[in-house]
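Protein chains in written order, with the UniProt record's numbering: chain L, 1 to 215; chain C, 1 to 650.
Think of the CB as a built atom: it goes at the ideal place given N, C-alpha and C, for glycine as much as any other residue.
Encoded as structure tokens, the structure appears first; notes follow it.
Here you go:
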């Protein structure tokens, strides 16, 4: 009798496994993605043909299915910061790149984002940064959102830092930021305040040009 | 840096723009890639088969032959290609490693040929990915064991300087080494057989006594049997004592299974000698004679197959356990059912459930004695179900046991799981070391050569843009030891440091800094130190040590690097010198980077924080006098039961 029960459970498990694998296969085939043609991307972004080729080759090598989901994104980004925990910041980055909010970053999203970051005007770059900081995309950066962002950046540093990271360091950083940016002291930073303030800050302007020649 | 994602470095650097508005400090200058060539295809000619790949693909792993400048030695000027006189089939897997980041081991390849190719191309075998690693390790182990067996066979000749004791032990373990050993082997075998046959014949009825009763031979020829028994026990005792004398480790010998069998075989005789006169325990004495049958197990020394059978049963313990458990379940179920089914019929033998157990067992094992049979229809139906399921339950684990037996028989008892665990540990350690190269490389380059890059940030940016030639020398110096990819990665990490206004440091410096702040802060807050296992192996030096988690840490890093063992950490002034120099040079921006002076930096005086530790640790303390906060430190640190002595900077 015990044997009969065992056999029954094995059979149902097999059946369940088969349906699961069928579902998995459907998922995979649905997610495989082919990007738009090279000419179209050339027109939409500011990259040359060769640069797009190099970018796509690297992208497809790491993500053969043509799209990046959030976990792969976090994994890839974490490889560059072995000492700390880059997952929170990668999460915010992912949301910033995933402009249509469908949970995956396709090559078009990827290359559009890069085009703004590397070849865009200062205005566009600042716009992108604002979009990154505004987690709920409501047009205002609140102190809590900024605190999350700054904490995630400090997370990437890891534990072994000098001087030792304290609990209040991110909070202080947020205060400094808001003092600089929030001109009318209403507790939130709007896009205009942000862009105005950044354009008046020489350090920020200079650092925006830093990665011009990355590709 | 995992070179598989080298293609994403531009993306990571671009994403760093997200930090810029938040940073309060100016960013360092990016390494220029002036001499960046357009990516070109290179041709690798391996024994006539041409492989082509991008140069960047090979540059991903700069510490291998193909990724470094070592391949220039193989460059053929006339054909403008790199020629390697090696096996092209194995080269396929090696080139795929560069392309995909995963090294696979093809099953048809000979293990030593593969190892040689890996060694030639500078790739460590530990990088073999998990899908093929088991196979690789198994084949490697088989190979080494085969080689060792060959060696051992050659070693059978007598070694010159063996003591008498060692010779005897070898004779016992390996009867084929000398004639005396062989004689001894056969003699003991004969006596074991004799003893067993004696036990058996003792109970056979032979002849009639005057009172018309069948007597077993044992009672008729008591003296003869007693003499034979004595002789056998004498031989066995002598043999056991000789083995005990010759054993290299007597304690281990006494614990081994064979010696326990020996003892159990001869003990009943001696107990019987002692107790013959006492009538009450003669019943127990008779039971003891049953144990004489254990002498038959002494044959396992003489038979390899018997030993393997025993080992198989031991290794199939889980399958046997499953068999037993499922049988028990089934027996109880069926016995209950049969009991209630047969309750109605008169003169039923199924008087209780335990009584039905016998029926169930006999039916399930298809014995079918027929002393208990169901009479009602329901009983007959359930009885047939019982016998059918019995066949199935017993047939299930048996093939597993059989296959186990054959595997062990062929491998000749070579499975060793504990060794695999150790190997796994060593492998992960090696991989971690090679992977942690990235983060330690960053700290390394900070210490070595980034002073100059900091001076560059002092220049106003427009000057940088207008005079590209001036920066070329510094760039060349910077890139002397690091590849472009690495320098870009380091620049990225540097930007992060600037954004957060904190620096990446070594684990040791971190410990120092932590204790420094702890001592400074402890009037106001009492840091309760809880030692935490687990080390972020990537940021720390490879010395294993215990970690102390600061109370105020906002991050909990549960990285999976908990494989290193823990021991005490000792920092001494001498070791701090190179690290402190670089730190002070980065902070103070001093020109001279060569002065190694502990005292001048003003940061380093050694102190002892005393913790109740074993005296051996305290003896390593630096000869400097302990500083005033010392007496207050112990009561705070006592509650944490760490056994680490810290010598820290104040």
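At the C-beta level, residue 27 of chain C and residue 207 of chain L come within 8 Å of one another.
Residue 78 of chain L is positioned such that its CB atom lies no closer than 8 Å to that of residue 18 of chain C. One finds 7 in chain C with Cβ atoms closer than 7 Å to the Cβ of residue 61 of chain L, taken in chain order.
Residue burial is scored here from C-beta neighbours: residue 124 of chain L has fewer than 16 other C-beta atoms within 10 angstroms and is therefore classed as exposed.
Per DSSP, the continuous alpha helix (DSSP H) segment holding residue 88 of chain L begins and ends at 87-97.
Contact note: residue 129 of chain L reaches chain C through 17, 18, 20, 21, using a C-beta cutoff of 8 Å and chain order. Of the other Cβ atoms in all chains shown, 16 or more fall within 10 Å of the Cβ of residue 338 of chain C; this residue is therefore buried.
Look at residue 135 of chain L here: in three-state DSSP terms it is coil, with no helix or strand label. The bridge partners DSSP lists for residue 163 of chain L come to none. For residue 88 of chain C, the closest alpha carbon among the candidates C/177, C/97, C/48, C/230 is that of C/48.
When CB distances to chain C are screened at a threshold of 7 Å, the residues of the region 88-120 of chain L falling below it are 93, 114, 117, 118, in chain order. Here the C-alpha atom of residue 266 of chain C lies approximately 23 Å from the C-alpha atom of residue 175 of chain C. Residue 502 of chain C reaches chain L at 154, 157, 161, 162, 163, 164, 165, 169, counting residues in chain order whose Cβ is nearer than 9 Å. Under the DSSP definition of a beta bridge, residue 83 of chain C partners with C/45.
For residue 374 of chain C, DSSP records no beta bridge to any residue. The same chain holds no residue with a CB closer than 6 Å to that of residue 100 of chain C once the five nearest residues on each side in sequence are set aside. For residue 150 of chain L, the CB contacts under 8 Å within the same chain, skipping 5 residues up- and downstream, are 170, 173, 174, 177 in chain order. For residue 58 of chain L, the C-beta contacts it makes with chain C under 7 Å involve 7, 8, in order along the chain. Taking C-alpha positions only, residue 73 of chain L is separated from residue 408 of chain C by approximately 46 Å.
Counting only residues of its own chain and dropping the five nearest sequence neighbours on each side, residue 36 of chain L has a CB closer than 7 Å to the CB of 108. Residue 343 of chain C counts as exposed, since fewer than 16 other beta carbons sit within 10 angstroms of its beta carbon.
The Cβ neighbour count for residue 227 of chain C, taken over all protein chains shown within 10 Å, is under 16; the residue is labelled exposed. Chain-ordered listing is empty here: chain L has no CB closer than 9 Å to the CB of residue 96 of chain C, the nearest sitting near 12 Å. The alpha-carbon of residue 93 of chain C is positioned some 14 Å away from that of residue 111 of chain C. For residue 132 of chain L, the neighbours in chain C by C-beta distance under 8 Å run, in chain order, 18. Residues of chain C with a Cβ closer than 9 Å to the Cβ of residue 140 of chain L do not exist, since the nearest Cβ in that chain sits about 15 Å away. With a cutoff of 8 Å on beta-carbon distance, residue 22 of chain C and residue 499 of chain C are scored as near each other. Contact annotation: the region 106-124 of chain C touches the region 60-78 of chain C, with at least three C-beta pairs closer than 8 Å. Looking at the DSSP output, residue 69 of chain L shares a beta bridge with L/104. DSSP, read as helix, strand or coil, puts residue 124 of chain C in coil.
At least 8 Å separates the beta-carbon of residue 115 of chain L from that of residue 66 of chain L. Bridge partners of residue 76 of chain C according to DSSP: C/81. Rounded to whole angstroms, residue 205 of chain C and residue 214 of chain C show a C-alpha spacing of 6 Å. Per DSSP, residue 505 of chain C lies in no alpha helix (DSSP H) segment and is marked neither H nor E. Residue 215 of chain C sits in a strand when the DSSP states are folded into three classes.
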